[in-house]
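Colleague:
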Amino acid sequence: MTVSAVSMLRPLVLALVAASLVAQERPKTPPTPMPGGGAPNAAPRVDAPKPPEGDPKPYDKVITSELKSQDGLFKVHTGKSKVYFEIPKTQLGKDLLVVVQVKKSPADASYPGQSVGDEVVRWELRENKVLLRAVSFNHVADPSNPVVKAVEAMSTPGILMSFPVEAFAKDGGPVIEVTRLFTTDVNEFSAKRALQATGMDGSRSFVDKVKAFPLNLNVEAVQTFNPSPVPLPPGIPPQYAAMIPPPPTRTAVVHYSFVQLPEKPMMGRLEDERVGFFSHSHLDYGRADHEVARRQFIARWRLEKKDPAAAKSEPVKPIVFYVDPATPKQWVPFVIKAVEAWQPAFEEAGFLKAIQAKEAPTPEQDPDWSADDARYSVIRWVPSRTANAMGPHVSDPRSGEILEADIEIYQNILQLQTDWYFTQVGPLDKRVATLPMPDELMGELLAYVITHEVGHSLGLPHNFKSSATYPVEKLRDKGWLEKMGHVATLMDYSRFNYVVQPEDGIDPKLLIPKVGPYDIFAIKWGYTPIPEAKTPDAEKPILDAWCKPQETTPWLRFSTSGSMGADPGEESEAVGDIDPVKATTLGTKNLKRVVDMLPKATLKAGEDYDKLNHLYSAALGQWGRELGHVANLVGGFDSEPKVGLQPGVRFTPLAKNRQVEAVKFLNENLFKTPTWTLPAEVLRKLGPTSGQAHLVNLQRGVLNGLLTPTRLTRLQEQEAMLGDKAYTTSALLGDLRAGIFTELSSGARIDPYRRNLQRAYVDLLGARLYPSAPVAGMFGGGAPTLPTLSNDDTRGAVRAELKTLMGLAVAKSGDRATKAHLEDLRDQIAKLLDPKFAPSATAGSAAGAMRGVRPESCWPELTEN
Ligand SMILES: [Zn+2]
Numbered sequence: 001m002t003v004s005a006v007s008m009l010r011p012l013v014l015a016l017v018a019a020s021l022v023a024q025e026r027p028k029t030p031p032t033p034m035p036g037g038g039a040p041n042a043a044p045r046v047d048a049p050k051p052p053e054g055d056p057k058p059y060d061k062v063i064t065s066e067l068k069s070q071d072g073l074f075k076v077h078t079g080k081s082k083v084y085f086e087i088p089k090t091q092l093g094k095d096l097l098v099v100v101q102v103k104k105s106p107a108d109a110s111y112p113g114q115s116v117g118d119e120v121v122r123w124e125l126r127e128n129k130v131l132l133r134a135v136s137f138n139h140v141a142d143p144s145n146p147v148v149k150a151v152e153a154m155s156t157p158g159i160l161m162s163f164p165v166e167a168f169a170k171d172g173g174p175v176i177e178v179t180r181l182f183t184t185d186v187n188e189f190s191a192k193r194a195l196q197a198t199g200m201d202g203s204r205s206f207v208d209k210v211k212a213f214p215l216n217l218n219v220e221a222v223q224t225f226n227p228s229p230v231p232l233p234p235g236i237p238p239q240y241a242a243m244i245p246p247p248p249t250r251t252a253v254v255h256y257s258f259v260q261l262p263e264k265p266m267m268g269r270l271e272d273e274r275v276g277f278f279s280h281s282h283l284d285y286g287r288a289d290h291e292v293a294r295r296q297f298i299a300r301w302r303l304e305k306k307d308p309a310a311a312k313s314e315p316v317k318p319i320v321f322y323v324d325p326a327t328p329k330q331w332v333p334f335v336i337k338a339v340e341a342w343q344p345a346f347e348e349a350g351f352l353k354a355i356q357a358k359e360a361p362t363p364e365q366d367p368d369w370s371a372d373d374a375r376y377s378v379i380r381w382v383p384s385r386t387a388n389a390m391g392p393h394v395s396d397p398r399s400g401e402i403l404e405a406d407i408e409i410y411q412n413i414l415q416l417q418t419d420w421y422f423t424q425v426g427p428l429d430k431r432v433a434t435l436p437m438p439d440e441l442m443g444e445l446l447a448y449v450i451t452h453e454v455g456h457s458l459g460l461p462h463n464f465k466s467s468a469t470y471p472v473e474k475l476r477d478k479g480w481l482e483k484m485g486h487v488a489t490l491m492d493y494s495r496f497n498y499v500v501q502p503e504d505g506i507d508p509k510l511l512i513p514k515v516g517p518y519d520i521f522a523i524k525w526g527y528t529p530i531p532e533a534k535t536p537d538a539e540k541p542i543l544d545a546w547c548k549p550q551e552t553t554p555w556l557r558f559s560t561s562g563s564m565g566a567d568p569g570e571e572s573e574a575v576g577d578i579d580p581v582k583a584t585t586l587g588t589k590n591l592k593r594v595v596d597m598l599p600k601a602t603l604k605a606g607e608d609y610d611k612l613n614h615l616y617s618a619a620l621g622q623w624g625r626e627l628g629h630v631a632n633l634v635g636g637f638d639s640e641p642k643v644g645l646q647p648g649v650r651f652t653p654l655a656k657n658r659q660v661e662a663v664k665f666l667n668e669n670l671f672k673t674p675t676w677t678l679p680a681e682v683l684r685k686l687g688p689t690s691g692q693a694h695l696v697n698l699q700r701g702v703l704n705g706l707l708t709p710t711r712l713t714r715l716q717e718q719e720a721m722l723g724d725k726a727y728t729t730s731a732l733l734g735d736l737r738a739g740i741f742t743e744l745s746s747g748a749r750i751d752p753y754r755r756n757l758q759r760a761y762v763d764l765l766g767a768r769l770y771p772s773a774p775v776a777g778m779f780g781g782g783a784p785t786l787p788t789l790s791n792d793d794t795r796g797a798v799r800a801e802l803k804t805l806m807g808l809a810v811a812k813s814g815d816r817a818t819k820a821h822l823e824d825l826r827d828q829i830a831k832l833l834d835p836k837f838a839p840s841a842t843a844g845s846a847a848g849a850m851r852g853v854r855p856e857s858c859w860p861e862l863t864e865n
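Residue numbering for the sequence shown follows this note's numbering, beginning at 1 and increasing consecutively.
This is how it looks when you write it as structure tokens:
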């Protein structure tokens with residue numbers, strides 16, 4: 001199964017985790033067509049009026065000397081705001097892949113490289129018309145099987161557009177005017193969904209650039225869309241609609257690339273969910289199975305040995321990445337090193353020098369070289385404030401063959417690397433005692449990012465399980481780190497080794513992920529030729545046997561298909577998540593050191609406190625993520641990928657004591673006020689009130705995650721399975737009470753930090769009681785999760801808990817503020833338990849939580865006593 005970056009987002013999204021930290025890498029896998037063809041949610045086509053159709057004219061009356069002509073995949077003629085394609089007869093009926101992306105757009109609408117659509121198309125000449133037809137490979141059958149006729153009948157290629165033939169060239173190939181393909185809404189290629197718009201305005205759209213290359217042809221169009229109306233925020237009466245400013249017009253540059261597909265498709269390799277590869281799926285009707293088989297071919301490059309008899313041979317055609325000439329000179333050697341870091345993995349698959357990096361030729365060396373040419377894969381340097389990188393690829397949907405990959409590195413990825421390195425391992429590397437970091441170190445971090453992106457371009461998706469396959473102790477062992485690294489793949493989001501402590505004396509080089517044993521295993525599995533197998537099915541038993549070592553070697557395993565966020569070992573942004581309590585204990589020690597380092601590292605004479613502010617928030621964000629890994633133990637299931645007759649199960653509930661230990665850790669470290677997160681020297685430089693808001697946001701984020709409906713459903717599932725051996729929702733609420741309301745039993749004074757925490761917690765319980773109130777959206781972070789019960793019994797446990805708290809919230813002693821707070825809490829709970837008041841109360845609490853303000857401001861009438 002294919003696992004994309006987005007599908008693996010954790011449900012526990014902490015308030016302090018910036019959205020930009022989640023890298024948006026995206027495989028350019030064509031979307032699965034809807035039954036019967038057509039794009040999802042296809043709307044009626046809005047074409048410009050068709051030009052009058054006349055008989056073809058003489059060639060030189062259409063292609064006049066005023067037009068500019070280019071040779072390439074097919075001849076292109078441009079001028080007078082028109083674009084003509086001259087399609088050679090030999091190209092008619094051939095498969096072309098069209099890849100459409102947003103290249104530039106208004107900042108809030110989309111991001112550069114966002115996919116709009118991918119389609120395989122063919123040009124078809126019918127008398128004096130040329131049809132552009134979309135071909136689906138969703139339904140296939142062996143050509144020798146009689147069912148193939150029926151399959152073909154079922155998959156009639158959709159006609160995307162029809163063009164009158166303007167003239168015929170000498171070879172008999174038609175000349176057509178294709179401008180409106182790029183200036184009207186074609187559902188399959190329309191950027192309107194990506195840009196949140198309704199439809200294209202042809203009068204404000206035009207073709208800007210056309211460039212033809214031997215294997216591809218690129219068109220860039222400036223397209224203007226009418227924006228979708230802004231919906232009224234929940235709770236705002238319709239009469240206020242006029243007060244909402246209209247959304248801005250969406251004008252974007254949309255890039256079309258027509259790429260020729262290989263004449264003979266490569267033999268596909270069937271996917272296996274135990275080894276992660278991006279893949280293309282199709283339904284095969286030509287098999288003897290008693291059901292229609294869904295089959296998937298993995299995405300991989302076509303590597304063939306020059307010397308098929310040799311154990312190791314150079315490939316006929318190596319994978320070559322060119323370094324964008326715009327890359328700052330100091331980074332070029334690191335980019336080259338980053339690409340070639342994959343060579344040892346390919347050697348294991350039997351290929352020498354299979355993957356190479358080259359500096360792009362200068363215009364003097366090769367005037368025809370272009371980064372847009374599909375014959376060249378390029379690592380592009382994008383001057384952008386976006387802190388990200390992408391490793392997409394273009395592949396043949398018939399076979400999975402990767403044809404081209406252009407990796408994009410956004411310049412501000414350097415800042416993200418600084419944030420991560422400083423907050424995760426700053427105390428372990430003397431070079432970051434003061435910032436900025438030296439170029440030599442930044443180069444290493446950049447190389448790590450690029451090696452990861454190249455991994456995607458080789459077909460590998462993320463493998464978040466990998467960081468939970470080594471024992472935590474080994475992550476502090478020099479010998480182990482040298483041989484195995486701290487994570488078995490750099491395709492995990494396991495960044496820098498924050499488990500290491502200064503006293504371990506680990507060389508900082510060993511803190512950065514490298515190509516690891518899982519990567520080598522996966523490349524070997526996906527790329528080693530199997531010459532004796534003449535069909536994909538004949539490869540199957542051999543591929544199955546190659547998975548055997550996974551049964552005894554955990555670090556060769558891939559994420560478990562279908563675990564849907566239940567496995568706390570599938571964390572992103574985690575090191576040592578096989579035991580998050582141990583890893584976060586060690587990470588917290590480093591973060592305390594990081595906070596101490598902040599003033600010296602960031603303050604410069606004559607400069608403001610922006611850097612200090614940024615890295616202080618980044619450090620708390622890092623801690624929030626590490627705490628989230630601990631919270632995910634609650635209601636967790638350990639998982640192991642298995643298929644067929646392998647013994648044992650795939651999902652095992654986490655032992656009760658591990659869940660109890662997690663809540664205990666959170667009580668002792670997060671809910672008991674962590675004063676180290678509130679350094680007066682830093683806070684009073686940043687502002688008058690920043691401390692309380694930072695802390696309560698962090699605490700609320702973790703509590704929010706602990707109370708997600710999916711987690712509580714899993715707790716209920718564990719109770720149903722294990723009875724009194726399970727950790728239950730009531731036990732969780734009781735344990736949280738013991739940590740959050742310690743003062744209620746001792747009668748101690750409740751300070752402002754703890755008052756904030758206690759109010760926030762009661763608020764969240766209220767929100768859990770009325771999940772249909774608007775607050776529901778704040779749970780879960782929108783990630784795909786296990787289905788929740790339609791009628792779970794959490795409500796009873798939460799009600800009982802609120803009643804217990806109401807009974808306990810009586811001041812035995814303490815100061816006036818403590819008494820006032822407890823009285824307020826009792827009123828707050830009474831309202832929550834009273835159905836007359838509750839829904840509006842929860843809506844208020846949601847608004848407070850989302851704004852990140854202290855929640856009591858939602859109920860001013862209750863805080864005046
Ligand atoms: Zn990635």
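Ideal placement from N, C-alpha and C gives every residue a C-beta, glycine not left out.
Keep in mind the model is a prediction, meaning the values are calculated, not measured.
In whole angstroms, what separates the C-alpha of F278 from that of P653?
Modeller: 29 Å
Colleague: Buried or exposed: T29, going by 16 or more other Cβ atoms within 10 Å of its Cβ?
Modeller: In this prediction, T29 scores a pLDDT of 40, lower than 50, which makes its location untrustworthy; the coordinate-derived value is nonetheless stated afterwards. T29 should be labelled buried.
Colleague: Leaving out the 5 sequence neighbours to the left and right, which residues in its chain are closer than 8 Å to I750 when beta-carbon positions are compared?
Modeller: E743, Q758, G814, A817, T818, H821 and L822
Colleague: What did DSSP end up calling Q101 once you bin it into helix, strand or coil?
Modeller: strand
Colleague: Whose C-alpha, out of H77, F334 and W525, is nearest the C-alpha of V219?
Modeller: The shortest CA-to-CA distance from V219 to any of H77, F334 and W525 is the one to H77.
Colleague: Taking C-alpha atoms, which residue in G701, L132 and M597 lies nearest to P174?
Modeller: L132
Colleague: Between R204 and the rest of its own chain, which residues show a CB-CB distance below 6 Å, the 5 nearest in sequence each way excluded?
Modeller: T224
Colleague: Helix, strand or coil for D419? Go by DSSP, reduced to three states.
Modeller: helix
Colleague: Kindly provide the ranges of any alpha helix (DSSP H) runs that are 4 or more residues long and lie completely inside the region 483-556, ordered along the chain.
Modeller: Fully enclosed alpha helix (DSSP H) runs of 4 or longer: 517-527 and 536-546.
Colleague: Do R594 and G426 have their C-beta atoms within less than 8 Å of each other?
Modeller: The sequence given here has Val at residue 594, not Arg. Cβ atoms of V594 and G426: closer than 8 Å.
Colleague: Can you tell me whether H452 sits near ligand 3, meaning its C-beta is under 7 Å from at least one heavy atom of the ligand?
Modeller: Ligands displayed in this structure: ligand 1; ligand 3 is not among them.
Colleague: Would DSSP call M564 helix, strand or coil?
Modeller: coil
Colleague: Does the beta-carbon of H462, which I'm using as the reference point, lie nearer than 7 Å to any heavy atom of ligand 1?
Modeller: yes
Colleague: Taking contact to mean at least 3 C-beta pairs separated by less than 8 Å, is the region 470-487 in contact with the region 410-425?
Modeller: At 8 Å Cβ cutoff, the stretches do not touch.
Colleague: In angstroms, rounded to a whole number, what distance separates the CA positions of D324 and D608?
Modeller: Cα to Cα, the separation comes out at about 35 Å.
Colleague: According to the Cβ coordinates, are V253 and K103 closer than 8 Å?
Modeller: yes
Colleague: Drop a sphere of 10 angstroms on the beta-carbon of Q659, count the other beta-carbons inside from all chains shown, and report buried for 16 or more, exposed for fewer.
Modeller: buried
Colleague: Could you tell me whether the region 579-588 touches the region 683-690, using the rule of 3 or more Cβ pairs below 8 Å?
Modeller: no
Colleague: Roughly how many angstroms lie between the CA atoms of M442 and L458, to the nearest whole one?
Modeller: Approximately 24 Å, taken between the alpha carbons.
Colleague: Just how far apart, CA to CA, sit P517 and R795?
Modeller: 46 Å
Colleague: Run through DSSP, which three-state label would G780 get?
Modeller: Note that G780 has pLDDT 33, beneath the 50 cutoff, so the model's placement of it is unreliable and no number is given.
Colleague: Under 8 Å by Cβ, that's how I've got L620 and L698 pegged, so tell me the actual separation to the nearest angstrom.
Modeller: 6 Å
Colleague: Which one or two residues does DSSP pair with W381 in a beta bridge?
Modeller: DSSP lists I409 as the bridge partner or partners of W381.
Colleague: Taking just the CA atoms, how far does R269 sit from S105?
Modeller: 38 Å
Colleague: For I298, which residues does DSSP report across the bridge?
Modeller: S279
Colleague: Could you check where the alpha helix (DSSP H) with A345 kicks off and where it finishes?
Modeller: Q343 to E348
Colleague: Going by the CB atoms, is the gap between L707 and L645 shorter than 8 Å?
Modeller: no
Colleague: Kindly indicate if chain B contains any beta-carbon less than 8 Å away from that of V121.
Modeller: Here chain B cannot be found, since the structure has a single protein chain.
Colleague: Rounded to whole angstroms, what's the CA-CA distance from M34 to L160? Just pull it up for me.
Modeller: Note that M34 scores a pLDDT of 34, beneath 50, so its modelled location is shaky; the value from the coordinates is reported in the next line. In a straight line, the C-alpha of M34 is about 15 Å away from that of L160.
Colleague: Okay, do the region 325-332 and the region 294-308 touch, 3+ Cβ pairs below 8 Å being the bar?
Modeller: no
Colleague: Does ligand 1 have a heavy atom nearer than 7 Å to the CB of H393?
Modeller: False, no ligand heavy atom lies under 7 Å from that Cβ.
Colleague: Short check: CB of K812 to CB of G747, under 8 Å?
Modeller: Yes, the Cβ-Cβ distance between K812 and G747 is below 8 Å.
Colleague: Would you kindly work out how many angstroms separate the C-alpha atoms of H280 and P709, rounded to a whole number?
Modeller: 33 Å
Colleague: Ignoring anything shorter than 3 residues, give me the beta strand (DSSP E) runs that lie fully in the region 203-240, in order along the chain.
Modeller: 206-212 and 216-227
Colleague: Using only the alpha-carbon positions, how far apart do A913 and K524 sit?
Modeller: Because residue 913 is not part of the residues shown, which for the chain are 1 to 865, the question remains open.
Colleague: Apart from the five residues on each side of it in sequence, which residues of its chain come closer than 8 Å, Cβ to Cβ, to D208?
Modeller: E220, A221, V222 and V253
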